[in-house]
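**Q**
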């Protein structure tokens with residue numbers, strides 16, 4: 482599985498060492514009890530709140 486996706490990475494935190502490295506990003510956020518930014522809507526991602534609770538709120542608001 483190719484995990485390098487810098488071209489299509491939607492995360493706006495471009496200085497992150499895991500930017501575009503999907504497998505590393507998912508593993509990092511999972512260890513922290515969070516969700517990667519690419520799971521959120523565009524407006525939800527910009528909050529930098531990666532909590533599962535915020536993902537739920539974002540999904541309810543933006544579908």
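Numbering (this note's numbering), first residue to last: 482 to 544.
Each residue gets a CB set at the ideal place from its N, CA and C atoms; glycine is no exception.
1) If you follow the alpha helix (DSSP H) that residue 541 is part of, which residue opens it and which one closes it?
2) Under the assumption that residue 538 contacts residue 518 (Cβ atoms under 8 angstroms), give the Cβ distance between them as a whole number of angstroms.
3) Under 8 angstroms, do residue 526 and residue 491 count as touching if we go by C-beta distance?
4) Relative to the C-alpha of residue 487, which candidate in 541, 501 and 524 has its C-alpha closest?
5) Residues bridged to residue 502 by DSSP?
**A** In brief:
1) Taking the first residue of the chain shown as 1, we reach residue 541 at position 60. Annotation: the continuous alpha helix (DSSP H) that includes residue 541 extends over 533-543.
2) In the chain shown, residue 538 corresponds to position 57, counting from 1. In the chain shown, residue 518 corresponds to position 37, counting from 1. Between the beta-carbon of residue 538 and that of residue 518 there is about 15 angstroms, and that puts the pair past the 8 angstroms contact cut.
3) As a first step, residue 526 must be located in the chain shown, where it is residue number 45. As a first step, residue 491 must be located in the chain shown, where it is residue number 10. Yes.
4) Within the chain shown, numbered from 1, the residue matching residue 487 stands at position 6. 501 is the residue among 541, 501 and 524 whose C-alpha sits nearest the C-alpha of residue 487.
5) Translated into the one-based positions of the chain shown, residue 502 becomes position 21. The beta-bridge partner set that DSSP reports for residue 502 consists of 485.
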